[in-house]
């Protein structure tokens, strides 16, 4: 007899979180299985897959529109599969092409188990939203991307939330950027994302201007926008806040120090893991106990003597 599936989907969970009054959804930025597992262990209700982090970790390259659909989809699929009860929001850049390619991107992300994706209005050779001199497409082309995403979502089995992101603020000003988001919402976007907000006043204004559509805030310390806590973002009117660099910065600092010490001293730094004398704690973060439990429940004996 086949199993009856009754679990709520990740997208449904994200919709429910968005509908909860007085709640802001806090999303740590992750870019691989290890960082995602650490975020899950910490108990977050939602994860965010950063495009910059994915490009750096998978390709060793900067966030300049180099990652392909396959790069991003494969990373998102793996992260989303680790705990299907926790929604994953994933960067989808420009959709990787015209309306047909945007539709394929949405379809592929849906199949991957992604709960929400964001599509932006930069040209195909895009760059990180907190770098300067970004180039954007026309409003008509941007709206066509969002319309294509919505059409394909409605044609496919399953569900996904569409986040419309505009980078027009830097070059075109607030009113143009706001109107682009309004046009995107009119053709099916569920969430708005104004990149490169320059002040708290501007942040409060965009939330008010687009209400009742939820607005997402991108927190990049040292970037173009104010460094907000989740509480501050909620008070300004945001329903979601992402921290895309949360894992990148400490990894960069700690691993750089470790590499320098090994190079200079011929020995790695003494860490808590090294003092304990076992990598077992790392394996437990990524599911060691669950694997042992499954093996035992299935009648296996591979780990009966311990690990």
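In the working numbering, the protein residues as written are 1484 to 1790.
Note that CB positions come from ideal geometry on N, CA and C, so glycine has one too.
What's the C-alpha gap between residue 1783 and residue 1777?
The count along the chain shown starts at 1 and reaches residue 1783 at position 300. The count along the chain shown starts at 1 and reaches residue 1777 at position 294. Going by the C-alpha atoms only, they are around 8 angstroms apart.
Taking the CB atoms as reference points, tell me whether residue 1582 and residue 1636 lie closer together than 8 angstroms.
Translated into the one-based positions of the chain shown, residue 1582 becomes position 99. Translated into the one-based positions of the chain shown, residue 1636 becomes position 153. No, the pair does not count as a contact, with Cβ atoms beyond the cut-off.
Just to confirm, is the Cβ distance from residue 1539 to residue 1562 under 8 angstroms?
Stepping through the chain shown from its first residue, residue 1539 is reached at position 56. Stepping through the chain shown from its first residue, residue 1562 is reached at position 79. No.
Would residue 1668 and residue 1599 qualify as a contact pair, given that the criterion is a beta-carbon distance under 8 angstroms?
By 1-based counting over the chain shown, the position of residue 1668 is 185. By 1-based counting over the chain shown, the position of residue 1599 is 116. Going by C-beta atoms, residue 1668 is not nearer than 8 angstroms to residue 1599.
According to DSSP, residues forming a beta bridge with residue 1512
Residue 1512 sits at position 29 when you count from the first residue of the chain shown. Note: residue 1512 sits in a beta bridge opposite 1531.
So, with DSSP's three-state summary, where would you put residue 1501?
Mapped onto the chain shown, residue 1501 falls at position 18. DSSP places residue 1501 in helix when its eight states are reduced to three.
In whole angstroms, what is the alpha-carbon distance linking residue 1506 and residue 1618?
Sequence index remark: in the chain shown, residue 1506 carries index 23 (1-based). Sequence index remark: in the chain shown, residue 1618 carries index 135 (1-based). Taking the straight line from one Cα to the other gives about 34 angstroms.
By DSSP's criteria, residue 1571 is part of a beta bridge. Which residues make up the other side?
Position 88 of the chain shown, counting from 1, holds the residue named residue 1571. DSSP lists 1530 as partners of residue 1571.
Let me make sure I understand the geometry here. Which of 1543, 1677 and 1684 has the alpha-carbon closest to that of residue 1601?
By one-based count along the chain shown, residue 1601 stands at place 118. Checked all of 1543, 1677 and 1684; the closest Cα to residue 1601 is 1677.
From the DSSP output, in three-state form, read off residue 1592 for me.
In the chain shown, the residue the question calls residue 1592 occupies position 109. The answer is helix: DSSP assigns residue 1592 an H, G or I state.
Just the C-alpha distance for residue 1542 and residue 1554, rounded to the nearest angstrom, thanks.
Counting from one through the chain shown, the residue named residue 1542 turns up at place 59. Counting from one through the chain shown, the residue named residue 1554 turns up at place 71. Answer to the nearest angstrom: the Cα atoms are 9 angstroms apart.
Closest by C-alpha distance to residue 1730, when choosing among 1519, 1673, 1606 and 1621
Residue mapping note: residue 1730 aligns to position 247 of the chain shown, counting from 1. Nearest of 1519, 1673, 1606 and 1621 to residue 1730, Cα basis: 1519.
Let me make sure I understand the geometry here. Which of 1524, 1522, 1574 and 1638 has the alpha-carbon closest to that of residue 1556?
As a working note, residue 1556 is residue 73 in the chain shown. Out of 1524, 1522, 1574 and 1638, 1574 has the C-alpha closest to the C-alpha of residue 1556.
Using a Cβ-Cβ cutoff of less than 6 angstroms, which residues in the same chain neighbour residue 1752 once the five nearest sequence positions on both sides are dropped?
Residue numbering aside, residue 1752 sits at position 269 when the chain shown is read from its first letter. Closer than 6 angstroms at Cβ, skipping near neighbours: 1741 and 1744.
Residue 1800: first and last residue of the uninterrupted alpha helix (DSSP H) it sits in:
Limits of the chain in this structure are 1484 at one end and 1790 at the other, which puts residue 1800 out of reach.
With DSSP run on the structure shown, which of helix, strand or coil describes residue 1766?
Here residue 1766 refers to the residue found at position 283 of the chain shown. Of the three classes helix, strand and coil, the one that applies to residue 1766 here is helix, per DSSP.
Inter-residue spacing [alpha-carbon to alpha-carbon] between residue 1724 and residue 1763
In the chain shown, counting from the first residue as 1, residue 1724 sits at position 241. In the chain shown, counting from the first residue as 1, residue 1763 sits at position 280. The alpha-carbon atoms of residue 1724 and residue 1763 are separated by roughly 33 angstroms.
Along the beta strand (DSSP E) that carries residue 1724, what are the first and last residues, could you check?
Locating residue 1724 in the chain shown gives position 241, counting from the first residue. From DSSP, the beta strand (DSSP E) with residue 1724 extends over 1723-1726.
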